[in-house]
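**Q** Quick note on numbering: numbering that gives the first Met the number 0 labels position 205 of the sequence shown as 204, and the sequence is numbered without any gaps.
From the three backbone atoms N, C-alpha and C, an ideal C-beta is built for every residue, glycine too.
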Amino acid sequence: MKFLLLIIAGFIAGVINILAGGGSFLTVSVMIFLGLPPTVANGTNRVAIFLQQLMAVKRFRDFKVLPFRFAFILTLPAALGAVVGSYLAVNISDVLFKKIFAILMITVSFISMLNPKFDRLVEDSIFRWVFLTAGFFLVGIYGGFVQAGVGFFILAVLVLCGFDLVVANAIKVFVIMVFTVFALTMFILKGKVDWAWGLSLAVGNVLGAYVGTGLAVKKGESFIKKVVFIMLVVIAIKLLLT
């Protein structure tokens with residue numbers, strides 16, 4: 000039953016992660032409530048994330064919407080940031096991580112529900128590259144530390160630079176795939192990965208990624224995000240109070 004729940008949670012998270020972001024709030028929370036220590040849940044989630052992104056990258060390349068060279072350049076500052084973030088994550092206590100995770104869950108959930116409309120603020124110039132480099136270094140730190148919700152921030156940076164959401168999503172999954180390798184390595188070295196849980200979760204995440212990349216934005220997405228938002232806020236409050 001435990002592994003079935005992981006597969007189901009992984010599938011839901013996989014779809015959400017590809018369409019927008021924030022699915023790891025669900026999967027990490029489920030693993031914590033099923034009894035996995037918070038920092039181990041954080042590391043274990045990276046196994047599923049990497050395989051999920053691998054599937055999504057393949058699908059986006061099949062659809063010919065992934066600017067591979069551009070995305071690869073952005074992985075460099077993101078990967079460096081991920082090393083910093085994952086180092087911080089594996090060197091804090093389970094209690095502190097649980098509190099930080101809950102606060103971030105509430106914050107990013109509210110941001111996602113506001114669904115802000117970003118205008119193009121950064122024109123095609125040297126400043127654009129400075130903005131992208133700094134932005135992806137910072138999202139790399141965040142992604143290395145907690146992963147959950149990093150997709151929202153990557154999309155925000157790219158949309159501010161004038162990318163449409165389809166291409167931005169393709170770049171997002173590629174960058175996350177690459178920097179997850181660095182973050183996952185750090186968690187493995189610190190013994191913070193449960194492979195049985197991670198691979199079970201990955202089954203759902205990969206299936207969700209396959210479905211998510213094939214879906215256009217539909218009316219049902221708004222309803223699903225509202226339901227998930229309410230559930231995550233309840234879980235976050237419970238985490239803060241325990």
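Looking at C-beta atoms only, is the number of pairs between the region 2–10 and the region 151–159 that lie closer than 8 Å three or more?
**A** Result no; under three Cβ-Cβ pairs closer than 8 Å.
**Q** Please classify N90 as buried or exposed, where buried requires at least 16 neighbouring CB atoms within 10 angstroms.
**A** exposed
**Q** Considering only their Cβ atoms, is the gap separating V27 from A147 smaller than 8 Å?
**A** yes
**Q** So the candidates are V192, F59, V129 and G80; which of them puts its Cα closest to the Cα of G143?
**A** In this structure, G80 is the residue among V192, F59, V129 and G80 with its C-alpha nearest to the C-alpha of G143.
**Q** Can you give the Cα-Cα distance for M0 and S23, rounded to whole angstroms?
**A** 20 Å
**Q** Kindly indicate which three-state DSSP category V216 falls into: helix, strand or coil?
**A** Low confidence applies here, because V216 scores a pLDDT of 41, under 50, leaving its location unreliable; read the following figure in that light. Looking at V216 - three-state DSSP - the assignment turns out to be coil, as it is neither helix nor strand.
**Q** Please classify L73 as buried or exposed, where buried requires at least 16 other C-beta atoms within 10 Å of its C-beta.
**A** By the 10 Å Cβ count, L73 comes out buried.
**Q** For F244, which residues in the same chain have their Cβ closer than 8 Å to its Cβ, ignoring the five residues on either side in sequence?
**A** It is not possible to answer for residue 244, since the shown part of the chain is limited to 0 through 241.
**Q** Checking 8 Å against the spacing of the C-beta atoms, do L35 and T43 come in under that value?
**A** yes
**Q** Please find out if some non-hydrogen atom of the ligand ATP comes closer than 7 Å to the beta-carbon of K63.
**A** The ligand ATP is not part of the structure shown, which contains no ligands of any sort.
**Q** Taking K1 as part of the alpha helix (DSSP H), name the residues at either end of that continuous run.
**A** K1 to L18
**Q** Alpha carbon to alpha carbon, what distance is there between V82 and L4?
**A** 30 Å
**Q** For L137 versus G13, is the C-beta distance shorter than 8 Å?
**A** no
**Q** With the cut-off set at 8 Å, would you say A201 and I17 are in Cβ contact?
**A** no
**Q** Whose C-beta lies closer than 7 Å to the C-beta of M176 among residues of the same chain, with five residues either side of it excluded?
**A** F49, Q52, L53 and V56
**Q** Start and end of the alpha helix (DSSP H) containing Q52?
**A** P37 to D61
**Q** If you drop the 5 nearest sequence neighbours on each side, which residues of the same chain put their C-beta closer than 6 Å to that of T179?
**A** R45, I48 and F49
**Q** Give the C-beta separation of M30 and W194 to the nearest angstrom, bearing in mind that I take them to be a contact with Cβ-Cβ under 8 Å.
**A** Contact flag wrong, Cβ pair sits at about 13 Å.
**Q** For the alpha helix (DSSP H) that contains P66, what are its first and last residues?
**A** Run containing P66: none; DSSP gives neither H nor E here.
**Q** In terms of alpha-carbon separation, which member of L131, F62, K63 and N41 lies closest to A77?
**A** L131
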